[in-house]
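See structure below.
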Amino acid sequence: PAAEAMELRRLSRVELASTLRDLLGDDGGALDLLPPDVESLGFDNQAESQAVPDLLAERYLALAEAVTARVDLLALAPCEDAAGAGEACARAFLVGFLPRAFRRPADEAQVERYLESYRLGAAEDPADAYRAGLTFALQHVLIAPALLYRVEEAGAPWVDADGVERTPVDGYSVASRLSYFLWRTLPDEALFAAAASGALDTAEGVRAQATRMIDDPRAAATIADFHGQWLGIDQLPTVEKDAVFFPDFDRARDALREEAELLAVDVFLRENGTLADLLTTPEAFVGPETAGLYGVDAPPAPLSRVALDPTVRAGILTLPGVLAVHAQSTRTSPILRGHFVREQLLCGGVPPPPPGVDTSVPFLDPADPDYETDPFAETMSNPECLGCHRLMNPIGQAFEGFDATGRFAPDRRGRPIPTAGTLYRSDVDGDFDGPVALARRLAGSDQVADCVATHWWRFAHGHKERAPDAALLADVRRRFRASGGHLRTLLLALVTADQFRER
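The working numbering applies: residue 874 is where the sequence shown begins, and numbers increase by one.
Structure (structure tokens):
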């Protein structure tokens, strides 16, 4: 059988912003013209959700016009004799610019196509012909499919020992895969050179480039972006919290996201940073806006590394930003928090509620005597609910000692809040008491390691794993587990897998 074809991937807003920044020095403000990306599988870069409706096509044109109005075109393509040699200068600019914009060598036909756009623009404004021509040509480049999409070229297909037809992609396609995965922007000169030399045709060549790229600051931004989407903290700007009960939350929103991403990057890029470290570290980066949520003194500098009480907090699951996203506006939610762990760390799907079931949570003032009543108790006693809720509620119970904003609040009205729970349908089933014990249990789980590898696979490839991917994904998971959950090893395993160089 033939391997399934990969969908054509459009650049996400983040990727397009980074690309325009590196191509033109644009600060990305014009991207406000574009609608938010539609997420699929929790990420904004999945091919299946990247259709281009008419409105988006119109917005791309508006974006091109806005960017060319903002950029200093004469600095981008200087010409000493614009009046007499404008077309020659424009050609020289396009010869150098198109390969970077389209992420592969440009042939003479492409240069001539956009040079014709230059001529048309120049004819519209003879008094300022060079600038007008550059503007029109650049606008056409910015709306070209070769810029907006990751267009790949394939080599000759071959059939492997299992009878699966496999099609390699060329080195420039691999270079773009590497750069948009690890940096979320276009390839740099070293990657282009590696593609041209054939170095990216082998796993060893890819490993050499990826190792270099992971040490580049641009990789830190990508790691932060992944964790922002995977943990849900990219939702912090719109999470609703009742201002009467949590008056300090609004001013902490941005810091909560930044500190969570900073912790993930810090652990990820340590020489020996592991998944267990990410799940159990008793440290956090704390600023003046968030110190109160942690119950610590405000540090002297913003986002300072702080050692926390290791009996209270452990790793990313107990960060206030993560806890706040997976809670209600006035109270906690063991369902939301348990569902998050079940799906994002254990990759265990939970079916939606049956039709007609009221899933709303009644509003209760925390000062109301009935506030202590568990609004979710019926979900664990009703046989129609129990099958699904036993997969979520007992996990979420571990975090009940944190309020809706992630502040440690272990008792209410002098009564301790139960935080004991039980893991079901995992490879580390059993009882635990509290979030630290749960985090340690999850840190020792092969299922969790496999799940995290799967999320990174989807982020790297832009689609859900398919039947032809099974053996290669299994090998990535095996290598990640064998490394002791070493996070750098996971990234290198992903990019050196044969699938990364194939369609």
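Beta carbons are placed, not taken as given, at the ideal position from N, Cα and C, and that holds for glycine.
Residues in the same chain with beta-carbon distance under 7 angstroms from residue i, minus the five sequence neighbours each way, listed in chain order, please.
i	result
A1019	F975
D905	none
D1300	S1318, D1319, Q1320
C1261	V1223, P1224
L1219	S1299, Q1320, V1321, C1324
T1111	none
Between which two residues does the beta strand (DSSP E) harbouring residue i extend?
i	result
S1177	1177-1180
V1159	1156-1159
G969	Note, G969: premise wrong, no beta strand (DSSP E); alpha helix (DSSP H) at 955-975.
L1296	1293-1296
Near residue i, which residues of its chain fall below 6 angstroms by C-beta distance, leaving aside the five closest residues on each side in sequence?
i	result
L1192	A1133
P874	Residue placement at P874 is poorly supported in this model, since its pLDDT is 33, which falls under 50; the coordinates still yield a value, given next. Nothing listed; no residue qualifies.
H1328	W1103
L1311	A1271, F1305
Given a cut-off of 8 angstroms, decide if residue j and residue i are closer than it, judged by their beta-carbon atoms.
i	j	result
Y987	L1007	no
R932	P908	yes
E1156	R1178	yes
A1293	D1276	no
L1322	L1148	Correcting the residue type first, residue 1322 is Ala in the shown sequence and not Leu. In this structure, L1148 lies closer than 8 angstroms to A1322 by Cβ.
A1370	V1349	yes
F1118	T1203	yes
L1109	R1124	no
H1334	E921	no
I1096	R1130	no
G1028	V1037	no
F1281	G1274	yes
F1122	L1360	no
R1313	T1184	no
V1214	I1268	yes
V1166	T1278	Residue identity check: residue 1166 is Leu in the sequence provided, not Val. Yes. Within cutoff.
A1048	A1068	yes
L967	V984	yes
T1075	E1375	no
A950	A963	yes
L1264	G1221	yes
R973	Y1045	no
Quick test of your reading: residue i and residue j, contact by CB under 8 angstroms. State the CB separation rounded to the nearest angstrom.
i	j	result
S885	D927	Rounded, the Cβ-Cβ distance is 19 angstroms, inconsistent with contact.
I1016	L896	Wrong, their Cβ atoms sit about 14 angstroms apart, outside the cutoff.
G901	L893	7 angstroms
L1190	A1200	Rounded, the Cβ-Cβ distance is 13 angstroms, inconsistent with contact.
S891	R1057	5 angstroms
A1366	R1352	4 angstroms
A1094	M1086	About 12 angstroms separates the two Cβ atoms, so there is no contact after all.
G959	A995	7 angstroms
Which stretch, first to last residue, makes up the alpha helix (DSSP H) that contains residue i?
i	result
F1305	Not the alpha helix (DSSP H): F1305 falls in the beta strand (DSSP E), residues 1303-1306.
S1046	1044-1055
C1378	The first residue shown for the chain is 874 and the last is 1376, placing residue 1378 beyond what the model contains.
D927	927-943
F1193	Per the sequence shown, residue 1193 should be read as Pro rather than Phe. 1193-1198 is the span of the alpha helix (DSSP H), which, as asked, contains P1193.
R1350	1343-1355
I1268	1266-1269
A1097	1090-1103
V911	No alpha helix (DSSP H) contains V911, which DSSP labels as neither H nor E.
F1373	Neither: F1373 is in no alpha helix (DSSP H) and is coded neither H nor E.
D1123	1122-1142
H1212	1207-1217
P1018	1018-1021
D895	886-897
E1077	1076-1087
Residue i: buried (16+ other C-beta within 10 angstroms of its C-beta) or exposed?
i	result
P1207	buried
A924	exposed
E1026	exposed
R1339	exposed
G1078	buried
L1136	buried
V887	buried
P1291	exposed
G1160	buried
G957	exposed
A876	Note that A876 has pLDDT 39, beneath the 50 cutoff, so the model's placement of it is unreliable and no number is given.
D1302	exposed
E989	exposed
T1163	buried
T1295	exposed
V1195	buried
S1052	buried
L881	exposed
Among the residues of its own chain, which have a CB less than 8 angstroms from the CB of residue i, if the five just before and after it don't count?
i	result
E997	A1005, F1009
E938	Q1012
Compute the minimum distance between the beta carbon of residue i and the heavy atoms of the ligand MG, and state whether it is under 7 angstroms.
i	result
G1287	The model on display carries no ligand, and the ligand MG is accordingly not part of it.
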